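One structure below.
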Amino acid sequence: MTTQNFNGHRFVDEGNGSTVVLVGGIFTHADFWKSSIDFLKVEHRVIIPLMPYYDVPFEYLSLKYFSKILHDFIYWRGLTDVTIVAHGVGAQVALLYNHFNPLNVRRLVLSGMNSAAKAAPRPEPSFLELADKRHVSSLVKEAFFDPRQVPMALVDSVYNTLQNIPRRLAVGALLRASQRIDLSNQLQHNRTPTLLVWGLDDKLTPPEHALHSYDILSHASLKFIKHCGHVPMVEQPAEFNQLVNDFIRVDVRSAVGY
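Laid out in structure tokens, this is it:
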């Protein structure tokens, strides 16, 4: 897996076939998607735009702005009729992109997305807590059903990001935006066949978020993965990848309820 850097965009582009765009969340780096890339690129062209979540001016930190970045990337690469597979904040960004560009999205796969704006926000850790690597490690482990599966490289990446004050502030701002945004309108008006894939043991965005989205969406299927937390593409990659690939293979007109 090789990261390319061109015209201000960092991205991964592998395989041939129908286009699948993978959009990660705040702490989702390309390695999160390694198993998905290896699995999907056999039949599809798989592209990952590496979203600059904490590398833009603070005044631009909004989900709508990042949906514009996603739009600019897709337009720049000349991508059409895409399937978007997105996770966490990336799923919110993808849903906003789809809302404004529905004719360019063939299918949506959403996972770990906060969709209930009225949900009580999670308390933010203090600066002292974020300076403690053991505390950061415990926060990262909350994302997994089995803490033993947490890659140490992920803990290091999150910890190092949070020691950079501007990036820490950006992460906080995006998390607050993610918790406060009301996506009911985008969900209600979505006509793109959509698959929701959720870890049944997700503590960060519990299954209630998936059910909330499913109740509003009119063209959706919902699949839960057992023994899985917030990051199914990492914790249960085989099942996650198979669900995604099966959904892509199904004719769009019969994709819902496949």
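The numbering of the sequence shown is the working numbering, which starts it at 4 and goes up by one.
Backbone N, C-alpha and C fix where the C-beta goes; we use that ideal spot for every residue, glycine too.
In this text the structure is predicted, and so the values were computed from the model without any measurement.
C-beta contact flag for residue i and residue j at 8 Å
i	j	result
N193	L220	yes
S21	N244	no
L64	R13	no
T195	H212	no
V88	L25	yes
Y56	A156	no
H47	I251	yes
L190	S216	yes
L186	S118	yes
C-beta neighbour in chain D for residue i, strict 8 Å
i	result
S216	Annotation note: the requested chain D is absent from the structure, which comprises a single protein chain.
Where the beta strand (DSSP E) through residue i begins and ends
i	result
V15	12-17
Rounded Cβ spacing between residue i and residue j (contact assumed at less than 8 Å)
i	j	result
E238	Q182	Not a contact, Cβ separation roughly 23 Å.
A33	V15	5 Å
I228	V200	7 Å
V85	G28	Rounded, the Cβ-Cβ distance is 19 Å, inconsistent with contact.
H90	T31	6 Å
W36	I51	6 Å
V161	V139	6 Å
L40	E17	The sequence shown places Ile at residue 40, not Leu. Sure, about 6 Å apart at Cβ, within 8 Å.
Endpoints, the alpha helix (DSSP H) within which residue i is located
i	result
G161	Checking the sequence, you will find Val at residue 161 rather than Gly. Counting along the chain, the alpha helix (DSSP H) containing V161 begins and ends at 155-165.
V253	No alpha helix (DSSP H) contains V253, which DSSP labels as neither H nor E.
V26	Unbroken run through V26 is the beta strand (DSSP E), 21-26; no alpha helix (DSSP H).
R151	R151 -> no alpha helix (DSSP H), and no H or E assigned at all.
H32	Note, H32: premise wrong, no alpha helix (DSSP H); not H, not E.
V143	136-144
With three or more beta-carbon pairs closer than 8 Å as the criterion, would you say the segment 112-119 touches the segment 193-207? yes
Give a yes or no on contact between the segment 63-81 and the segment 89-101, applying the rule of three or more CB pairs nearer than 8 Å. yes
If we count Cβ pairs, one from each stretch, closer than 8 Å, do we get three or more for the segment 174-183 versus the segment 142-157? no
At what residue ranges does the segment 183-241 contain a whole run of the alpha helix (DSSP H), taking only runs of 4 or more? 187-191, 210-219, 235-238
Quick check on the DSSP output: what are the complete alpha helix (DSSP H) runs of length 4 or more inside the segment 53-122, in order along the chain? 66-79, 92-103
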